[in-house]
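Novice:
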Amino acid sequence: MSGDLVDRLRAAGQCHLFKNLGRDKELDGKLLSQLERLDANYPGGIVEYINKSKVLLEKSKNGENPFDGYTPKVPRAFKFPFSATDKELEHAEVTGAKAFKKAACVLVAGGLGERLGYSGIKLELPSEITTGECFLGLYCKYILALQGDEVDVPLVIMTSDDTHDMTVSLLEREDYFGLKKTQITLLKQEKVASLSDIDATIAMKDEYTVLTKPHGHGDVHFLLHQSGLAKRWAQEGLEWVFCFQDTNPVSFRALPGALGVSVMNNLDVNSICSPRKAKAASGALMRLCHEDGHEITINVEYNYIDSILAPAGGDLNGPDGYSLYPGNMNQLIFALPSYAKTLERTGGSIPEFVNPKYANAERTVFKSPTRLECMMQDYPLTLKDAKEARIGVTVFADSQMEKSKYNVSSLTHRLYAPAKNNLKDGAKKALEGVPDATTSSTELAIYAGNALMLNDLGANVEAPGLTTYGGIEQPEWAHIVFRPSFVPLFSDLKYRFLKPRCVRITNRSTLVVNGGGVCFSGTVDIDGTLIVDAAPGALVTIQSIHIRNKGWTFAAVDPEDEKIDEIYRIRGYRIFPESSTSSITSTAHACVLRFDTPGTYTVDIPGTTA
43 MSGDLVDRLR
53 AAGQCHLFKN
63 LGRDKELDGK
73 LLSQLERLDA
83 NYPGGIVEYI
93 NKSKVLLEKS
103 KNGENPFDGY
113 TPKVPRAFKF
123 PFSATDKELE
133 HAEVTGAKAF
143 KKAACVLVAG
153 GLGERLGYSG
163 IKLELPSEIT
173 TGECFLGLYC
183 KYILALQGDE
193 VDVPLVIMTS
203 DDTHDMTVSL
213 LEREDYFGLK
223 KTQITLLKQE
233 KVASLSDIDA
243 TIAMKDEYTV
253 LTKPHGHGDV
263 HFLLHQSGLA
273 KRWAQEGLEW
283 VFCFQDTNPV
293 SFRALPGALG
303 VSVMNNLDVN
313 SICSPRKAKA
323 ASGALMRLCH
333 EDGHEITINV
343 EYNYIDSILA
353 PAGGDLNGPD
363 GYSLYPGNMN
373 QLIFALPSYA
383 KTLERTGGSI
393 PEFVNPKYAN
403 AERTVFKSPT
413 RLECMMQDYP
423 LTLKDAKEAR
433 IGVTVFADSQ
443 MEKSKYNVSS
453 LTHRLYAPAK
463 NNLKDGAKKA
473 LEGVPDATTS
483 STELAIYAGN
493 ALMLNDLGAN
503 VEAPGLTTYG
513 GIEQPEWAHI
523 VFRPSFVPLF
533 SDLKYRFLKP
543 RCVRITNRST
553 LVVNGGGVCF
563 SGTVDIDGTL
573 IVDAAPGALV
583 TIQSIHIRNK
593 GWTFAAVDPE
603 DEKIDEIYRI
613 RGYRIFPESS
623 TSSITSTAHA
633 CVLRFDTPGT
643 YTVDIPGTTA
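The sequence shown lines up with residues 43 to 652 when you count with our numbering.
(1) Kindly confirm or deny that the stretch 367–381 and the stretch 268–280 touch, where touching means at least three C-beta pairs closer than 8 Å.
(2) Look at the alpha carbon of L6 and the alpha carbon of A242, and state the distance between them as a whole number of angstroms.
(3) Classify S211 as buried or exposed, calling it buried when 16 or more other Cβ atoms lie within 10 Å of its own Cβ.
(4) Which one or two residues does DSSP pair with E337 in a beta bridge?
(5) Which value, in whole angstroms, describes the spacing of the CA atoms of R456 and A490?
(6) Tell me the start and end of each unbroken beta strand (DSSP E) in the stretch 223–261 that is at least 3 residues and wholly inside, in chain order.
(7) Output the boundary residues of the alpha helix (DSSP H) element that contains T137.
(8) So the beta strand (DSSP E) R590 belongs to, where does it begin and stop?
(9) Using a 10 Å radius around the Cβ and a threshold of 16 neighbouring Cβ atoms, would you call G45 buried or exposed?
(10) Please report the residue range of the beta strand (DSSP E) in which P114 lies.
(11) Can you give the Cα-Cα distance for R653 and K462, rounded to whole angstroms?
(12) I believe L188 touches C176 by the beta-carbon criterion, under 8 Å. Please report the beta-carbon distance rounded to the nearest angstrom.
(13) Compute the distance between the beta-carbons of L253 and P411, then report whether it is under 7 Å.
(14) On the CB-based measure, 16 or more other CB atoms within 10 Å of its CB, does L553 come out buried or exposed?
(15) Pick helix, strand or coil for T650, following the three-state DSSP scheme.
(16) Which value, in whole angstroms, describes the spacing of the CA atoms of K255 and V234?
(17) Which parts of the stretch 366–440 are runs of the alpha helix (DSSP H), unbroken and 4 residues or longer, counting only runs that do not cross its ends?
(18) Quick one: give me the first and last residue of the beta strand (DSSP E) that I617 is part of.
(19) Looking at the secondary structure, which residues open and close the beta strand (DSSP E) in which T484 lies?
(20) Does the Cβ-Cβ distance between A580 and F637 come in under 7 Å?
(21) Report all residues from its chain with a CB closer than 6 Å to the CB of H267; omit the five preceding and five following residues, and keep chain order.
(22) Taking DSSP's pairing of strands, which residues face V450 in a bridge?
(23) CA-CA distance, Q225 and L131?
(24) Considering only their Cβ atoms, is the gap separating A126 from V437 smaller than 7 Å?
(25) For N372, does the count of other Cβ atoms within 10 angstroms reach 16, so buried, or fall short, so exposed?
(26) Thinking C-beta only, is S324 closer than 7 Å to L237?
(27) Put Q442 into one of helix, strand or coil per three-state DSSP.
(28) Check whether the stretch 353–370 and the stretch 308–322 are in contact - that is, three or more C-beta pairs closer than 8 Å.
(29) Sort out for me which residues DSSP pairs D357 with in a bridge.
(30) If you count every other CB in all the chains shown that lies within 10 Å of the CB of T651, and 16 or more means buried, which is it?
(31) So what does DSSP say about D207, is it helix, strand or coil?
(32) Do V545 and F528 have their beta-carbon atoms positioned less than 7 Å apart in this structure?
(33) Helix, strand or coil for V305 per DSSP?
(34) In this structure, does DSSP put Q56 in helix, strand or coil?
(35) Ordered along the chain, which non-local residues of its own chain (more than five positions away) have a Cβ less than 6 Å from that of S510?
(36) Does DSSP put R636 in a helix, in a strand, or in coil?
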């Protein structure tokens with residue numbers, strides 16, 4: 043480390059960092075190496091971080107609102123219904139699926155599962171326990187299904203010190219979930235220095251170690267710039283970047299349609315959104331018009347929403363039961379050519395904020411050290427002066443059928459169901475009328491979405507029963523899992539079930555279908571469990587099938603019982619009988635049709651009981 047950085051830090055008011063310098067050569071080296079790393083991994087260096095901190099801390103002390111001077115307006119949005127038959131959505135999905143072959147996927151996954159009550163990384167959690175497919179495996183399977191055989195779509199995973207090694211281990215253990223090792227790049231996010239006071243004094247963990255904290259998922263833009271990936275992708279002819287987070291298993295259900303919108307409207311940025319309940323702890327997309335004449339379409343975090351909407355009465359639901367301002371899914375699509383140019387201009391830096399917890403009324407003393415943070419979805423703020431930038435919002439409606447036809451409702455959107463909370467915290471949110479965002483609601487949303495899409499085609503998936511897991515009551519549909527290979531696009535569903543009005547599935551049933559060559563051409567009558575697993579190249583036509591067996595069921599468990607596996611405790615239920623769809627064979631509980639080799643197969647099972 044050069045003396046120049048030491049001098050610059052001293053000049054920036056950080057002399058305390060070096061008060062013990064010279065006493066212990068080894069510890070000196072440890073401190074200096076850490077400072078060098080902090081300097082290298084922040085746009086502009088650590089002194090720039092300190093200078094920005096002073097400005098933002100002063101604004102925080104004075105109670106300044108970053109949205110002062112802006113008037114909120116409802117953003118211009120492209121809207122799609124929750125439907126397997128909508129022609130406009132089908133056109134967008136097909137267009138997006140074609141464009142996906144020139145895309146790169148970026149998964150932001152720097153956190154552990156502690157908030158969920160899970161001790162490992164969130165990516166290894168089962169997205170649902172019927173198949174046991176973990177979140178990362180599910181995303182990789184979607185990439186495989188959408189990319190086809192001709193291209194290898196890159197996947198970048200942003201990790202952290204907490205998750206990096208475990209993510210590597212998971213990928214190696216699962217042989218990269220079918221992707222090529224060369225397709226996947228891990229970029230590790232570094233932390234930033236904590237600040238102990240209003241003067242941006244760097245906090246120390248001990249005499250030779252700076253206390254550091256996470257900087258936020260906005261660092262993904264810096265890492266894509268620093269690594270050279272964004273620039274290289276653009277040079278190689280890729281056209282799109284899709285950024286998404288780690289625990290929304292239905293994120294790829296919305297992607298093709300939204301990507302199609304980006305292609306057809308030549309958008310530089312496209313935020314994928316859902317209808318939002320007022321007061322929900324999620325951001326909202328707004329078109330903010332400034333008094334100086336400029337405007338920007340941007341996510342506004344929920345802690346600012348009431349204040350910015352105060353002149354209109356605050357954050358309220360409209361006649362349809364939703365806010366006028368769509369909810370942020372934290373799924374973003376960027377046009378790569380303009381994105382790479384912006385990263386070159388900004389160095390990947392994203393506007394930051396600071397959120398200290400004050401210990402006094404004067405707002406000068408912190409309860410604990412703070413730090414600057416940044417968010418992935420604030421990227422459009424870097425385009426504020428780029429008048430030619432085209433920023434769009436694509437809103438995917440929730441199912442209307444669930445309430446209007448079946449008289450049941452869920453707080454969880456069927457195309458946005460992230461797992462964020464443990465059962466206790468989720469139950470409190472549910473009582474407040476906002477999404478609980480637990481692993482159980484996430485899983486049940488997968489089943490509900492598939493069942494409702496089938497019914498939209500004209501099938502008869504029986505109305506769900508109401509179940510309570512972990513103190514949260516919600517509808518539990520038949521456990522239907524369509525693997526990405528079977529239905530990469532919801533608009534494909536009508537080509538997989540040719541006679542949907544001949545499909546009947548009871549609400550206690552389980553249906554799992556894997557394989558791009560599977561087609562149900564006639565009657566499907568399921569009261570129990572059916573697993574169809576077809577290898578690539580296996581063309582399977584199921585002309586008629588009647589299933590009657592004991593089936594698989596969910597049984598409630600005590601979330602506090604430490605003898606039960608964490609993956610069940612955090613949900614409040616387990617599956618019975620416990621089994622794996624990759625090795626299960628037909629039993630009294632399940633009918634399994636497995637086709638392991640390429641070929642043409644026809645299935646006709648009238649009235650089977652096993």
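Ideal Cβ positions, reconstructed from N, Cα and C, are used throughout, including at glycine. Since we're looking at a predicted model, the values are computed, not measured.
Specialist: So, from the listed chains and residues:
(1) yes
(2) Residue 6 falls outside the range modelled here, since the chain spans only 43 to 652, and no answer is possible.
(3) exposed
(4) C331
(5) 7 Å
(6) 226–230, 246–248
(7) 129–142
(8) 580–590
(9) exposed
(10) 112–115
(11) No statement about residue 653 is possible, as the shown extent of the chain runs from 43 to 652 and does not include it.
(12) With 8 Å as the limit, L188 and C176 do not qualify as a contact, their Cβ atoms being about 19 Å apart.
(13) yes
(14) buried
(15) No answer about T650 holds up, because its pLDDT of 47 lies below 50 and its placement is not dependable.
(16) 6 Å
(17) 378–388
(18) 615–618
(19) That residue, T484, is in no beta strand (DSSP E); its alpha helix (DSSP H) goes 481–499.
(20) yes
(21) L385, G390
(22) According to DSSP, V450 bridges with nothing at all.
(23) 29 Å
(24) no
(25) buried
(26) no
(27) coil
(28) yes
(29) Answer is none; D357 lacks a bridge partner.
(30) Summary for T651: the model assigns pLDDT 46, below 50, so the residue's position carries little reliability; its value from the coordinates is reported in the next sentence. With fewer than 16 other Cβ atoms within 10 Å, it is exposed.
(31) helix
(32) no
(33) helix
(34) coil
(35) Checking the sequence shown, residue 510 turns out to be Thr, not Ser. Closer than 6 Å at the Cβ level, and outside the excluded window around T510, lies no residue.
(36) strand
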